[in-house]
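Chains as they are written, first to last, in numbering that gives the first Met the number 0: chain A, 0 to 584; chain B, 0 to 206. For each residue, glycine too, the CB sits at the ideal point set by N, CA and C.
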Amino acid sequence: MAANAPAVTETQMPLNDPQVVAEKIKTQYPDAVEAVSAQGIVLKKDRLLDVARYLHDTLAFDYLNNVTSVDWQDHFEVVYHLTSIDRGGAPITLKVNTARDNPSVPSLVPVYRGADFQEREVYDMMGIRFEGHPNLRRILMWEGFEGYPLRKDYKEPYYEEEKKPFGSRWDQGYHVFAEDRNPWHDNVQYPAHLDALAYKPPRESVPVIEATQAATTRLRTDKIILNFGPQHPSTHGVLRLKVTLEGETVRAVEPVLGYLHRNHEKIGERNTYLGNMPFTDRLDYFTSMANNLAYAITVEKMLGIKPPERAEYIRVIMAELTRWQNHAAALGFLYNDLGAFYTPLIYALEERELILDLFEATAGSRMMCNYMRFGGVARDVTDDFIDKCKYLVNERLPRRTDELEAYMAKNELFLARSKNIGILPRDLAINYSTAGPVLRASGVKYDVRRAEPYSIYDRFEFDIPTGTVGDLYDRFMVRIAEMRQSIKILKQALEQIPPGDIMTGKKNYQVRVPKGEMYGRAENPKGELGFYVVSDGSANPYRYHVRAPSFINLTALNQMCVGHKIADMIVILGSIDIVMGEVDR
Amino acid sequence: MAFGLGLLNGLRYTASRVVKTYIGDFKHLGRRYDDKLFKERQSVRGSGIFTVQYPEERLVPPENFRFIPFLVYEPALDENGQPMMDPATGKPVVGKLRCTACGICAKVCPPQCIWIVRATTPQGKPKPQPAEFYIDIDVCMNCGLCAEFCPFDAIKMDQVYELAGYERHVSHIFDLRALSKPASYHAQIHPTDWAREETERKAKAKK
């Protein structure tokens, strides 16, 4: 492959069309393509790795956005979304089918390291084996869990019906507690072959230094494994890190996830389309407005509707306010992780409170906004919103952004702790599928708002700030610069916002989405938030998958931490800016 | 840059914050509980940190704030056309619930926490009113979709947020009695929405 390495012409060709890409693949691997449609390219299972390599090396599809799977009852389908960082544009879709019994697909980890956690998630939730994956274990559920929750035949505890609304609620809806409705009553379904008395939970093998060995080698340091968490205050939620230490130096980190897992995707498949909207608030609860927007644009693309002008502007204003307050909070917590205990965090939260007040006055809730609807927003902004917002954007936010930068960027301790720590080089940042500020700090000029503009972002003038080295300091500076860009967008949007309607058509709670599938994405403060929605034409989504940026950014944690001290690991974790609501879903 | 200047610079910010926080307190000495000042110091134009001493002081939630739905009823009127008051509860007597038991709120509810039993006539025909209405407030996620999609303005979002209890099997299942609140209460907490609904209703009545 090295002989025909990416040529300049290849990176500039319009390769967003699956037909064109399929033709290219056929010239190289004539037998690899099974079918091509607007929904994607279906590949033969055994040629997947070859094709992926070809796409990555020759056609410059260097970024794996998303890996997920669909249970079609008679077979499984694994879905990959790929883009090129340089070309931008909509991602192309690759699909691979596998039989329902003993399903397996070749792993893409050798080509895209970003597939690591995502394939583990697919294996965990759908039970599809990825041959050649270096570490194929459950990731969200615990080892020893029985069943694969996202399969269509899996029934969760408290299961009532396939789809909401449940028939028992109306018109003879006498209240019953969930515990009493539970078919297994004590909330546990035991596997058929389980002998409860003989059962021993699987144990993780942790190498322990023997006492005799320790005694003879009193001064020798050895590797120890430290379980960091799950409830250390600096781990940003209930996250456990399995750290291999040599003295104080980190040799390997493995995040252990799932403590906040609630199977958002299964809930989403039971829900109606509109019913998912308030659930998206709870993904990344710092940025609920932006989550709403990403989900709304995905379903709107399937419905083929566009919100009116005023609604578009309100959406952008809300999304950018969200970005500002998320970054402010992220920086505040970053200072906290560095040891500046809580004082700068409180300063960072001061303006955030005012922004949340605006959300509360408009949407009704500070964090669980549930504000966007398909084709508009839930309600118009209040009369004094624009005034208050203008004052914030023109006076307070720029001042606070400068302040946040000023008391850290020149601080000697901060510089010593952040320069050249946790470096993620450019090519690895792309290969690990990191997104958002983490990707941009490594010098990759990639922002979904520019690469595949959604809503009305193409009308605003703003830059994509990037770092140069990809260390902690760059991730800090990129966030500060993004806050400034958000203010720039907000200023333009607040000047241009027109009067008018806020909804296209009538508000409808029984949204029926035409048959088809869609991968919609938006640039969230944490990175690319994607929703992969498959509709079978009914009132509930057939498949609903969330590409969670914090989850995928964690894939690169090990790469960033190795070789640094354990105190730096905390800061590196803070610089990824994860929210467990989104990581565990 | 000399080593330590950045540190001093940081301390300068902390010091200025301390001063800023107390400027307001000294400027308005003894007028902390003045309503207008209270609002101003909490708003975008306030400066320094102004702490509300909950539960002695409380913030007034904005009109759109939503927390747990309630059912709106029209109070029963006495012969003078004034709402009859129940001396036991101090609330107006329930005249007629606006709810018609159409079930839209129960269908739109994302966590399915609304349970409705439709009333029937003695002949067994369905009557447009609820016989029972339950909301499991531990399951309710305060999304406000029920209030948004109710075609009769019969279910609205409340603003009472202090609902902690010692058990969830009795006190956290709101039934008709706990849910019903008079239309005047809705008018009081949602003045803008109320005015809009009234004009709409009058326009409809004219037709």
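In whole angstroms, what is the alpha-carbon distance linking A/Phe116 and A/Gln491?
39 Å
C-alpha gap between A/Asp123 and A/Arg281, whole angstroms:
When only Cα atoms are considered, A/Asp123 and A/Arg281 end up about 22 Å apart.
Determine whether the beta carbon atoms of A/Ala422 and A/Gly466 lie at a separation below 8 Å.
Correcting the residue type first, residue 422 of chain A is Ile in the shown sequence and not Ala. Taking 8 Å as the Cβ cut-off, A/Ile422 and A/Gly466 do not qualify as a contacting pair.
Selected residue, minimal CA-CA separation from A/Leu320, among A/Lys505, A/His192, A/Ser485, A/Met276:
A/Ser485
Are the CB atoms of A/Lys222 and A/Glu253 within a distance shorter than 8 Å?
no
Can you tell me which of the three DSSP states B/Tyr165 falls into?
coil
For B/Phe37, count neighbouring Cβ atoms within 10 angstroms of its own Cβ and tell me buried if that reaches 16, exposed if not.
buried
For B/Glu147 and chain A, any beta-carbon pair shorter than 8 Å?
yes
Keeping to the same chain, check which residues put their C-beta closer than 7 Å to that of A/Glu120; ignore five residues upstream and five downstream.
Ile138, Leu139
In its own chain, which residues sit with a C-beta less than 6 Å from the C-beta of B/Gly3, not counting the 5 before and 5 after it?
Closer than 6 Å at Cβ, skipping near neighbours: no residue.
Terminal residues of the alpha helix (DSSP H) in which B/Val51 lies
Looking at the DSSP string, B/Val51 is not in any alpha helix (DSSP H), and its letter there is neither H nor E.
I want to see whether chain B comes within less than 8 Å of A/Lys163, judged by CB atoms only; does it?
Output row for A/Lys163: interface = yes.
Would you mind working out which of A/Ile91, A/Leu403, A/Ala440, A/Tyr541 sits nearest A/Met559, comparing C-alpha positions?
A/Ala440
According to the Cβ coordinates, are B/Asp77 and B/Phe132 closer than 8 Å?
no
CB contact below 8 Å: A/Asn410 versus chain B
Yes, its Cβ sits closer than 8 Å to a Cβ of chain B.
What residues from the region 370 to 392 of chain A come within 8 Å of chain B, judged by C-beta to C-beta, listed N to C?
Ala377, Arg378, Thr381, Lys387, Tyr390, Leu391
Taking the continuous alpha helix (DSSP H) assigned at A/Arg119, which residues delimit it?
114 to 125
Let me confirm a value: A/Glu586 is counted as buried when at least 16 other C-beta atoms fall within 10 Å, else exposed. Which label applies?
Lying outside 0 to 584, the shown extent of chain A, residue 586 of chain A is not represented and no answer is given.
Minimum Cβ-Cβ distance from A/Lys94 to chain B less than 8 Å:
no
Counting only the same chain and skipping the five closest in sequence on each side, list residues whose C-beta sits under 7 Å from that of A/Glu33.
Val41, Leu42, Lys43
Is it right to say A/Ala547 is buried, meaning 16 or more other beta carbons lie within 10 angstroms of its own, or is it exposed?
buried
Under 8 Å, do A/Phe358 and A/Ala295 count as touching if we go by C-beta distance?
no
Quick one, which of B/Arg176, B/Gly9, B/Leu6, B/Arg40 has its alpha-carbon nearest B/Thr20's?
B/Arg40
Between the region 286 to 302 of chain A and the region 364 to 372 of chain A, can you find at least three pairs of beta-carbon atoms closer than 8 Å?
With a cut-off of 8 Å, the region 286 to 302 of chain A and the region 364 to 372 of chain A count as touching, because enough Cβ pairs lie within range.
Pair every Cβ in the region 44 to 61 of chain A with every Cβ in the region 81 to 91 of chain A, then say whether three or more of these pairs are closer than 8 Å.
Output reads yes: the region 81 to 91 of chain A touches the region 44 to 61 of chain A.
DSSP-derived helix/strand/coil call for A/Lys154
coil
Here's a check: name, in chain order, each residue in its chain whose Cβ is nearer than 6 Å to the Cβ of B/Met83, leaving out the five neighbours to either side.
Ala75, Asp77, Val92
Which residues, in order along the region 99 to 126 of chain B, keep a beta-carbon less than 8 Å from a beta-carbon of chain A?
Ala100, Gly102, Ile103, Ala105, Lys106, Val107, Cys108, Pro109, Gln111, Ile113, Trp114, Ile115, Val116, Arg117, Pro125
I want to see whether chain A comes within less than 8 Å of B/Tyr133, judged by CB atoms only; does it?
yes
Quick one: Cα of B/Gly45 to Cα of B/Gly23, how far?
9 Å
Less than 8 Å between the beta carbons of A/Val443 and A/Glu527, yes or no?
no
Residue-level contact to chain B via CB, A/Asp583, 8 Å cutoff
no
Could you have a look at A/Trp323 and say whether DSSP puts it in helix, strand or coil?
helix
In three-state DSSP terms, what is A/Thr400?
helix
Which chain B residues are close to A/His174, counting only those with a beta carbon under 7 Å from its beta carbon?
Trp114, Tyr133, Asp135, Ile172
Note down, in chain order, every chain B residue with its Cβ under 8 Å from the Cβ of A/Glu402.
Tyr12
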